[in-house]
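Structure first, then comments.
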Amino acid sequence: MPRFATGFASTVCPAEAMNPRGRRLILITSIATVLLFAGRDLVGFLADRWWAASVSPEVAATSSHLWWMRLLLQFGSGLIGAAWLGMHAVIVARSIATVQVQHQVGGVAVRELVPQRSLVLSSGGMGAFFGGVIGWSVAIRRDAAALAWHGVHYGVTDPVLGVDLGVYVAQLPAWEQALQFTAVLIGLALVVVGLSYWTIGAFAREGRRVTIHPYARRHIGSLMASVGLVLGWGYLLAPYHLAIDQARWLSPPALETRIVAAHVVVGVAIAVSALTLRWAFVGRHTLVLASWGVMLATVVVERFLVPAFVAGEVVTASHTGYARDLADRLYGIVRVTPVGGGGTRSGPGIPDRWDREALIRQSRRRGEHPLLVVPGPAHSAAWLVVGQPSDTAGTLTVSRFVADSVSPDGAAVPGAPPEAFPGVTILPMAEGWSRAPAGIRAGHVLRRAALAWARQAPGMLALDDSATVDWHLDPVERVTSIMPTVEWRLTGFTVHGSQPTWVLNGFAVVRGVPHGTRSRFGGQAVDGVAPAIVAAIGARSGTVEAWLDPAADSLGRALGSLHRPFVRLDEPPPGEVLDALGYSVGWFDAQLVALQSATGDRLLADEGVPMGADALVSAEGPAVQVLLERPEPDGGVTMLTGVRHAHLPRVEVVRLDPALPTALGSVSAAWRSSAGFTQVDDSLRASGDTLIAGPLRWAVEDGHLTVWRSYGSLGRRGPARLLWTGVASSLGIDGGRPGAVRWGGEHPTEGLLETTPEFEEFGRLESARSWLMRADSALVRGDLTAFGRAWEALRGILRDTTRE
């Protein structure tokens, strides 16, 4: 074996730094560092294990399974990294014939040889240590590996590459992480080995020619060949990324050209690796330089020249029938069009006069802190307000307010006396830890120390042995800590098994599929969101139960299978849990983007401001509703209602006559200009309060569209109340005190304002005048946000007027 001789000056490895005391200090520091990191992971595992066992045996089994899976992946990756870098460090160290260090003996510099055994062991040990750390840190993530192992099958073939969409969702992320892991280890080994050989003199320059020692050339050449294979691996995955990023914009021939170019680079990378390996053994520098020059030129052509030539082929392919069907599948959209007829009803079916904000204001005026305000369980026709009295800790009060019920003075009327639930520990937005009747026993001092370290809570050290503690007290945080791969939303409240229970819906998120419709969910860009898991958390005991959502798709079922036995796959959720599940507004917003992309519709504007989706009480249970209109004049209006029918989510689509909906700005202006509204508004302003508008509601019955809106006080002086309700339909417009207003066909048309074109123009002018006054007032007080909002609304009104 060829050897290199080298020496190091005393400044590089001084003998004084290697005395026994220094070695002991280095050893103690290294052990302390390892124990610090290992101890943090150990106490974290123990604390999570104890916590999971206190929640339920199923949660404990699932948490242990996931923790061991993560440990196995990281330990295996660290072992591979340690063996890889340690091996290369040993190869370099064995190539060195002598290493000399010098130290002072009686003022004379004396050189000593370092034994090769010590050199090999120290180099291999350092390489293994750093390789293990790097391998541990860049290991394949547990969730990606588990999902790839389980697999996802949609039964939908990608038209670009001809593979099932499950490959993009499950396998591709794991392949990318494996590629990243391999690239980091090979790249790091090449840099370390190259610098090492450069330091010991394996590279020399003879005139204009650079010579490399054969031993070093074979070692470095093998690593460079591995780099070429990694590049080929990366370009082998490039077609998947092209399908994801370019399928919506490139025509099929242009996309096929890009994919062929990527395959060419794969072939070139394999050839370059073979030529580099040949150079490693024959030593012809021109061979390696020419091959890598071709590789660089090929990459430049693929990255820059080919996209420039196919740029003229760019099309907008996101509205094809395949893309629409794919969006429906990935967003869980089930369209239902009610059949027309004399008794057809679409929408809430009851005049829901309340909304979340109005009930929150009323709850606060009653001395409660509102925690959750949602439409009640199915067929209850009521809102559910879950609050916590400010003077009673650990107690929940649950009030049900009938959707169309209101007292003569406008106050919310509970359908029954509020129900109180004492001894509650699991609350929305609860932070930190607390002593709880059901939790982890503090135990002896070492156990308390482990809990305090894991939770970063020194206060746990002061607990007595018999105390029990709990954390993850927020329902969403509690279930997320068990199943972090799912996006959770708190959607309802019910009594399950005689215990107050929070109901949550978990959504499976899809990112990166060809022809996907991009939307946002939870602040992140997604290509699909579908319900996967239903969870129920006991507000007293903290016990967590989970079931597969009846509407779960292939990804949802895969995620449920990975989290068994926590998720009960073979057992349907209880009826009371499903009744309280509701329809998530955030999910409906994500679906709305897909629906708009498919039809080209836009949100209908109310006085120039686009109306967003809003929750309401319907005859079938909790629902979400929105109106869309086509951008062209008289293009029609579509009413979308998201509701769970027989516990399965669906989107009801109803096409409406655009005559009334497009005049919503006129209707709102007519309500505000009526004598009854002006009287209520002036009286409230005189008392120092403010009248604010609730969301618009609408419904279709017997072919007639009815639109209504409730106006209530802000609650600055006295309790917040509903004081006025405006109603409009194809029969006319009316308004009055709650309970006295005339609805749709309940009264003849006498005395109702008709929506003539002149009235619509009057309404727009009144609305524009109102927003102009708001903009002027905001500008005077320096509120640029309010000014911008008013200005945008004014522009919307004028734009609509110009279009018509």
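Using the working numbering, you'd call the opening residue of the sequence shown number 1467 and step up by one each time.
Note that beta-carbon positions come from the ideal geometry of N, C-alpha and C, so glycine has one too.
To the nearest angstrom, how far is it from the Cα of Val1911 to the Cα of Ser2179? To locate residue 1911, count along the sequence shown from 1; it is residue 445. To locate residue 2179, count along the sequence shown from 1; it is residue 713. Approximately 56 angstroms between the Cα atoms of the pair.
Sub-8 angstroms separation of Val2051 and Ala2081 beta-carbons: On the sequence shown, position 585 is the one that residue 2051 refers to. On the sequence shown, position 615 is the one that residue 2081 refers to. It is a contact, given that the beta carbons lie within the stated cut-off.
Any idea if Thr2172 is buried or exposed, counting beta-carbon neighbours within 10 angstroms, 16 or more meaning buried? Reading the sequence shown from its first residue, position 706 is the one you call residue 2172. Thr2172 is buried by the Cβ-count criterion.
DSSP beta-bridge partners for Met2105? Position 639 of the sequence shown, counted from the first residue, corresponds to residue 2105. Beta-bridge pairing links Met2105 to Leu2093 and Val2120.
Excluding the 5 residues preceding and the 5 following Gly1632 in the sequence, name in chain order all residues of the same chain whose CB lies nearer than 7 angstroms to its CB. Taking the first residue of the sequence shown as 1, we reach residue 1632 at position 166. Once the five neighbours on either side are set aside, the close Cβ partners of Gly1632 are Gly1617, Val1618, His1619, Tyr1620 and Ser2020.
Give the secondary structure of Leu2047 by DSSP, where H, G and I count as helix, E and B as strand, and everything else as coil. Sequence index remark: in the sequence shown, residue 2047 carries index 581 (1-based). Coil at Leu2047, not helix or strand.
Presumed contact (8 angstroms Cβ cut-off) between Gly2008 and Ile2199, rounded CB distance: As a position in the sequence shown, residue 2008 is number 542, starting the count at 1. As a position in the sequence shown, residue 2199 is number 733, starting the count at 1. Not confirmed; about 52 angstroms, so no contact.
Test item: CB-CB of Val1696 and Ala1640 under 8 angstroms: For this step, residue 1696 is matched to residue 230 along the sequence shown. For this step, residue 1640 is matched to residue 174 along the sequence shown. No, Cβ-Cβ distance for Val1696 and Ala1640 is not below 8 angstroms.
Member of Ser1739, Val1731 and Ala1740 whose CA lies at the smallest distance from the CA of Thr1764: Numbered from its first residue, the sequence shown carries residue 1764 at position 298. Thr1764 has its Cα closest to that of Val1731, out of Ser1739, Val1731 and Ala1740.
Considering just the uninterrupted stretch of the beta strand (DSSP E) at Ala1991, what are its terminal residues? Locating residue 1991 in the sequence shown gives position 525, counting from the first residue. Per DSSP, Ala1991 belongs to the beta strand (DSSP E) from Gln1990 to Val1992.
Would you mind working out which of Gly1842, Leu2260 and Val1890 sits nearest Gly2085, comparing C-alpha positions? If you number the sequence shown from 1, residue 2085 lands on position 619. Here residue 2085 turns out to be Ala, not Gly, going by the sequence shown. The option with the nearest alpha carbon to Ala2085 is Gly1842.
Excluding the 5 residues preceding and the 5 following Pro1950 in the sequence, name in chain order all residues of the same chain whose CB lies nearer than 7 angstroms to its CB. To locate residue 1950, count along the sequence shown from 1; it is residue 484. For Pro1950, where only same-chain residues beyond five positions count, there are no Cβ hits under 7 angstroms.
Pick helix, strand or coil for His2111, following the three-state DSSP scheme. Sequence index remark: in the sequence shown, residue 2111 carries index 645 (1-based). If DSSP states are grouped into helix, strand and coil, His2111 belongs with the strands.
Can you tell me which of Arg2261, Gly2184 and Tyr2177 puts its alpha carbon nearest to the alpha carbon of Trp1820? One-based indexing of the sequence shown puts residue 1820 at position 354. Minimum Cα distance to Trp1820 is reached at Tyr2177.
Bridge partners for Ser1865 per DSSP, in chain order? Residue mapping note: residue 1865 aligns to position 399 of the sequence shown, counting from 1. Bridge partners of Ser1865: Val1851.
Neighbour-count burial assignment, Ile1557, 16 or more Cβ in a 10 Å radius: Translated into the one-based positions of the sequence shown, residue 1557 becomes position 91. Its Cβ being crowded by 16 or more others within 10 Å, Ile1557 is buried.
Where Leu1645 and Gly1544 are concerned, what is the direct C-alpha to C-alpha distance, given to the nearest angstrom? Within the sequence shown, numbered from 1, the residue matching residue 1645 stands at position 179. Within the sequence shown, numbered from 1, the residue matching residue 1544 stands at position 78. Cα-Cα distance, rounded: 16 angstroms.
What residue does the alpha helix (DSSP H) around Arg2203 start on, and which one ends it? Position 737 of the sequence shown, counting from 1, holds the residue named residue 2203. Neither: Arg2203 is in no alpha helix (DSSP H) and is coded neither H nor E.
Where the alpha helix (DSSP H) through Asp1791 begins and ends: Position 325 of the sequence shown, counted from the start, is the residue given in the question as residue 1791. Gly1787 to Leu1796 is the span of the alpha helix (DSSP H), which, as asked, contains Asp1791.
Under a three-way DSSP split, which group does Gly1898 fall into? For the purposes of this step, residue 1898 is identified with residue 432 of the sequence shown, where counting begins at 1. Reduced to three states, the DSSP call for Gly1898 is coil.
Does the Cβ of Ala2256 have 16 or more other Cβ atoms within 10 Å, making it buried, or fewer, making it exposed? Here the question's residue 2256 lines up with position 790 in the sequence shown. Burial call: buried.
In terms of residues, what are the limits of the beta strand (DSSP E) holding Leu1838? One-based indexing of the sequence shown puts residue 1838 at position 372. That run of the beta strand (DSSP E) goes Glu1834 to Pro1841.
Identify every run of the beta strand (DSSP E) within the region 1737–1779, keeping only runs that are complete inside it and at least 3 residues long; order them along the chain. none
Put His1619 into one of helix, strand or coil per three-state DSSP. For the purposes of this step, residue 1619 is taken as residue 153 along the sequence shown, with counting starting at 1. Reduced to three states, the DSSP call for His1619 is coil.
Of the choices Ser1529, Gly2192, Tyr2049 and Phe1747, whose alpha-carbon is the least far from that of Val1840? To locate residue 1840, count along the sequence shown from 1; it is residue 374. The residue with the shortest Cα to Cα distance from Val1840 is Tyr2049.
Taking the alpha-carbon positions, what's the Ala2135 to Val2075 distance? For the purposes of this step, residue 2135 is taken as the residue at position 669 of the sequence shown. For the purposes of this step, residue 2075 is taken as the residue at position 609 of the sequence shown. Those two C-alpha atoms are separated by around 14 angstroms.
By a C-beta neighbour count over all protein chains shown, 10 Å radius and 16 as the cutoff for buried, is Trp1615 buried or exposed? Stepping through the sequence shown from its first residue, residue 1615 is reached at position 149. Exposed is the call here.
Buried or exposed: Ala2071, going by 16 or more other Cβ atoms within 10 Å of its Cβ? Start at 1 with the first residue of the sequence shown, and residue 2071 comes out as number 605. With 16 or more Cβ atoms within 10 Å of its Cβ, Ala2071 is classed as buried.
Once the 5 residues before and after Ala2252 are set aside, which same chain residues still bring their CB inside 6 angstroms of it? In the sequence shown, counting from the first residue as 1, residue 2252 sits at position 786. If we look at Ala2252 and ignore the five residues flanking it on each side, its Cβ neighbours are Ala2244.
With 16 as the cutoff for other CB atoms within 10 Å, does Ser1964 come out buried or exposed? Counting from 1 along the sequence shown, the entry for residue 1964 is found at position 498. Flag for Ser1964 reads exposed.
How many Å lie between Ala2079 and Ala2001 at the Cα? The residue labelled residue 2079 in the question sits at position 613 within the sequence shown. The residue labelled residue 2001 in the question sits at position 535 within the sequence shown. Their Cα atoms are separated by approximately 24 angstroms.
Helix, strand or coil: how does DSSP classify Trp1715 here? Your numbering for residue 1715 matches position 249 in the sequence shown. DSSP places Trp1715 in coil when its eight states are reduced to three.
Nearest to Ile1727 (by Cα), restricted to the options Ala2141, Ile1710, Ala1713 and Val1766: Counting from one through the sequence shown, the residue named residue 1727 turns up at place 261. Note on identity: in this sequence residue 1727 is Ala, with Ile being the wrong assignment. Looking at the Cα atoms, Val1766 is the closest of the given residues.
Using the Cα positions of Phe1867 and Leu1850, report the straight-line distance between them to the nearest angstrom. Locating residue 1867 in the sequence shown gives position 401, where the first residue counts as 1. Locating residue 1850 in the sequence shown gives position 384, where the first residue counts as 1. Each residue's Cα considered, the two are about 7 angstroms apart.
Of the listed residues Gly1909, Glu1943 and Ala1923, nearest to Ser1932 (C-alpha basis): Numbered from 1 along the sequence shown, position 466 holds the residue referred to as residue 1932. It is Gly1909.
Across which residues does DSSP place Trp2174 in a beta bridge pair? Translated into the one-based positions of the sequence shown, residue 2174 becomes position 708. Note: Trp2174 sits in a beta bridge opposite Arg2163 and Val2193.
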